[in-house]
Every structure is written in C-alpha cells, then in structure tokens.
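A.B. asks: Handing you this structure, nothing more for now.
Protein chains: 2
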Amino acid sequence: MRQLLERIDREILTGGGKRSRSRAAVIERFFLERHHVTIEELTRSVRESAPRVGAVTVYRTLKLLERLGYAKELDFGEGAKRYESNLASHHDHLVCRKCGTVIEFENRDIEKLQERVTRRHGFQPTSHRLEIYGFCRKCAPGKAAEEVRCPR
Amino acid sequence: MRQLLERIDREILTGGGKRSRSRAAVIERFFLERHHVTIEELTRSVRESAPRVGAVTVYRTLKLLERLGYAKELDFGEGAKRYESNLASHHDHLVCRKCGTVIEFENRDIEKLQERVTRRHGFQPTSHRLEIYGFCRKCAPGKAAEEVRCPR
DNA sequence: ATGATGATGAAATTCAATTTCATAATATTC
DNA sequence: GAATATTATGAAATTGAATTTCATCATCAT
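Heads up: the sequence lines are chains R and F, in that order.
Just so it is clear: in the first sequence, position 48 is 48 by my numbering, and no numbers are missing.
In my numbering, each number is its position in the second sequence, counted from 1, plus 1000.
Okay, structure coming up:
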C-alpha cells in the first residue's frame, strides 16, 4: 500500500503536480474499499479519517487516478457513477435489470480477444468496460419476458 | 421498417400501452440514424418531420426502446449518453481518450464467450456494453505515456 | 524564509435527466 | 359513434451529478 501511494506520488510529481494530504487520504481510502463506490460513498468514508476533505477533491482525485490507470469508472445506470480499483483483477460485471444485483466475473479469454482487436486497429488500450445487462438467476425465470415488454 | 414499427407497436399494446404519433416519429427517425446519437441530436432530427415533439418524449421513447431491447445506451464520457439501434450488428467501441474518435468493431468470439459466462451464472442477458478506452493509432505513438501521466 | 505554482473546498453553476401536471390523443365500453 | 377511461404528451419545474470559480492554503524550488 505504502509503495503504491509512493509510486502514485512520483507519477504526479513527474507530471508537474504536488503532493497533498487530502488527496493522499482519498487515494488510501479508495484502495481500501472492497466494492465499487460512488463519489458520495467514498467522500463519507474519507471524512471518517479526514473530516475536512470536500467532495470536489474526491471527484478530482478519482479523475486523476482514472487518467493514471489506477481507477476504473463504472456505470450501472443508477445516476451516479461508481469507481473501482483497476489494480488487481480485471473483472467485468453482470447487472440485473430487475433487482440491481451486480455479479463480478473475470475471463482471461475475453481479455485476450480484446487485446487482439485493439492490436488489429493499432489502438493502445488503457482500460475497458464490459457490462452485461439482463436478469439474474432469481429474476430470470418466466418473468424476464414480461418485464422486458412492459412499456412504461 | 414498417414491419419493425408494427412489431414494436404490438409489443407496446401487449404491455398495456397505446399507439402514439409522436413516439412513432421518434422510433422511425431513430432507426434511420446511422450513428450513435444523443437525445439532443435525435430530438433535432425528429423535429424536422414532427416539429412539435418534445425532448421529453424522445427520452421516454428511447428508455422504452431500451427496455424492449431495440436500443442500446452508450457512454463515451461526453456528459450526455448516446443511443444506437440494437438490431443488426452487435458491435462494440474503441474510444480514443485524446481525440475522441470512436472506432466500431465486431467480434463474434467475444460474444460467444460472453454467452458462456452468462450461462455459467444462470444470467439471462438482454444487452451488453463493451467500451475499450485508450489511444488510437494517431494519438498513440510516444504521446500516450506522457498523456497518461499528466496529473491535471 | 520567500516567491511561485499547484491543490483545496465552499459556493455557484452547468446541464443531462426526471418529475409534475394540465391537456391531448387513443382505446374501450356501451 | 358518443361517453368514459386510460395512456401519452410537452412545457415548465425540479433534481442531482458533475464541473467551474475563486479566494485561500499547502507544497516545492531557490
């Protein structure tokens, strides 16, 4: 963790930025989160240890981490975006349209195919986002068809 | 096209909805669009043939089409969402973080793997979204590394 | 220390998206 | 084919996530 924070700090310095306590607090909390968090959730969490940190800084820091490749922006259609660490597992998500459950999965074969596609287009990938929407086991049987047809 | 519109109408009626001219105008225009459109763009387009149609109806209609599985919501990080027809090719997108270029690609193998994943989780998919972010051929060489490090 | 520049956070702003509500259009019943 | 019921519409108001502004503070280089 310490090493990670130092590495990020170095990258920021290289880019002409400066160190900052608020930002460090945000980054540390972010990587401690187990699940995808919204800005609001993370702000609340950060404020437990650094009460004076504003939501704007959380926004800015997450944008920064995203640009550096450490964070991933997710959108489950809730209105607010969610973020997760992009460090370890590159997993993707199954999102249930009915109960909202999010199932994570990881598939190296899909990733390999993605790499092949990007190479073919001379494209240099920094991150990706794969979300599959549908109905989970509980919400699927029978109900799915009706639900999908409901016009309102 | 006619058949498609009638089919959608039937689905709406089945679900307890009613026919409507405004909605028909939106749906028709939507399927005529070649590229991913924002609500604002589509509204402008619709108004060429049906000037009195409001943006709210375009919103509602696209949500409806999405629920029925005919439209797909995209997010290239521009602020506003984009929509495209979900009818023919199930393609995905490479989005350049620098110049904003969007490259479409289609890969049946990836889709097959996705199906396998969903089956394994007892998940009934209705749509998916795969966006790969990075740097396109023009913006990639050398520049990418710097850009990614820029802290601001 | 001093000056220069980046970072912060509260408040203001922006703007996509949604909700409200009175009216209009469509379907159903008789 | 009128009367009734229900859905759809659109303008305006509202919401709320995200961004911008700006005066102040913190950090870095000298």
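Every residue gets a Cβ at the ideal spot worked out from N, C-alpha and C, and that includes glycine.
Would E6(R) count as contacting chain F if we go by Cβ distances under 9 Å?
C.D. replies: Taking the first residue of the first sequence as 1, we reach residue 6(R) at position 6. Chain F contact via Cβ: absent.
A.B. asks: Let's test the definition: count the other Cβ atoms within 10 Å of the Cβ of E131(R) and tell me whether it reaches 16, buried, or not, exposed.
C.D. replies: Here residue 131(R) is taken as the residue at index 131 of the first sequence, counted from 1. Buried, by the Cβ-count rule.
A.B. asks: Going by beta carbon distance, what residues of the same chain come within less than 8 Å of K1081(F), once the five residues before and after it are set aside?
C.D. replies: As a working mapping, residue 1081(F) is identified with position 81 in the second sequence. Excluding residues within five positions, the ones whose Cβ falls inside 8 Å are T1038, I1039, E1073, L1074 and D1075.
A.B. asks: What would DSSP say about V95(R), mapped onto helix, strand or coil?
C.D. replies: By 1-based counting over the first sequence, the position of residue 95(R) is 95. Looking at V95(R) - three-state DSSP - the assignment turns out to be strand.
A.B. asks: Could you tell me the alpha carbon to alpha carbon distance between R120(R) and C1096(F), rounded to whole angstroms?
C.D. replies: For this step, residue 120(R) is matched to residue 120 along the first sequence. For this step, residue 1096(F) is matched to residue 96 along the second sequence. Cα to Cα, R120(R) sits roughly 15 Å from C1096(F).
A.B. asks: Closer than 8 Å is the cut-off here; do at least three beta carbon pairs connect the stretch 36-55 of chain R with the stretch 7-17 of chain R?
C.D. replies: no
A.B. asks: Once you ignore the five residues that flank H1128(F) on each side, which residues in its own chain have a CB closer than 7 Å to its CB?
C.D. replies: Translated into the one-based positions of the second sequence, residue 1128(F) becomes position 128. Hits under 7 Å: Q1114.
A.B. asks: Compute the distance between the beta-carbons of T61(R) and R23(R), then report whether it is under 9 Å.
C.D. replies: Looking up residue 61(R) in the first sequence gives position 61. Looking up residue 23(R) in the first sequence gives position 23. Yes, Cβ-Cβ distance for T61(R) and R23(R) is below 9 Å.
A.B. asks: Quick one: measure Cβ to Cβ for Y1133(F) and T126(R), integer angstroms, because I've assumed they're closer than 8 Å.
C.D. replies: In the second sequence, residue 1133(F) corresponds to position 133, counting from 1. In the first sequence, residue 126(R) corresponds to position 126, counting from 1. Sure, about 6 Å apart at Cβ, within 8 Å.
A.B. asks: Under 7 Å Cβ to Cβ from E11(R), same chain only, skipping five residues before and after it: list those, please.
C.D. replies: One-based indexing of the first sequence puts residue 11(R) at position 11. Closer than 7 Å at Cβ, skipping near neighbours: L68.
A.B. asks: What are the residues that DSSP puts in a beta bridge with Y133(R)?
C.D. replies: As a working note, residue 133(R) is residue 133 in the first sequence. BP columns for Y133(R) point to V95(R) and S1127(F).
A.B. asks: Is S1022(F) close to chain R? Criterion is C-beta to C-beta, closer than 9 Å.
C.D. replies: As a working note, residue 1022(F) is residue 22 in the second sequence. Chain R, which has no Cβ nearer than 9 Å to the Cβ of S1022(F), makes this no.
A.B. asks: Across which residues does DSSP place R1082(F) in a beta bridge pair?
C.D. replies: Stepping through the second sequence from its first residue, residue 1082(F) is reached at position 82. According to DSSP, which records beta bridges pairwise, R1082(F) is partnered with T1038(F) and L1074(F).
A.B. asks: Please list, in chain order, all residues of the same chain as R108(R) whose beta carbon is under 8 Å from its beta carbon, the five residues on each side excluded.
C.D. replies: Locating residue 108(R) in the first sequence gives position 108, counting from the first residue. Around R108(R): no qualifying Cβ.
A.B. asks: Is there a C-beta anywhere in chain R that falls below 9 Å from the one on Q1114(F)?
C.D. replies: Within the second sequence, numbered from 1, the residue matching residue 1114(F) stands at position 114. By this cut-off, Q1114(F) is an interface position.
A.B. asks: Quick check on DSSP: helix, strand or coil for V1000(F)?
C.D. replies: Past the boundaries of the shown model lies residue 1000(F); chain F is included only from 1001 to 1152, so the question cannot be answered.
A.B. asks: Can you round the beta-carbon distance between F135(R) and S85(R) to whole angstroms, since I take them to be within the 8 Å contact cut?
C.D. replies: For the purposes of this step, residue 135(R) is taken as residue 135 along the first sequence, with counting starting at 1. For the purposes of this step, residue 85(R) is taken as residue 85 along the first sequence, with counting starting at 1. Wrong, their Cβ atoms sit about 28 Å apart, outside the cutoff.
A.B. asks: Considering E11(R), what are the terminal residues of the alpha helix (DSSP H) in which it resides?
C.D. replies: To locate residue 11(R), count along the first sequence from 1; it is residue 11. Its alpha helix (DSSP H) spans residues R2 to T14.
A.B. asks: Nearest to C1139(F) by CA position, among R137(R), G122(R) and C139(R), is which residue?
C.D. replies: Within the second sequence, numbered from 1, the residue matching residue 1139(F) stands at position 139. Ranking the options by Cα distance to C1139(F), first place goes to G122(R).
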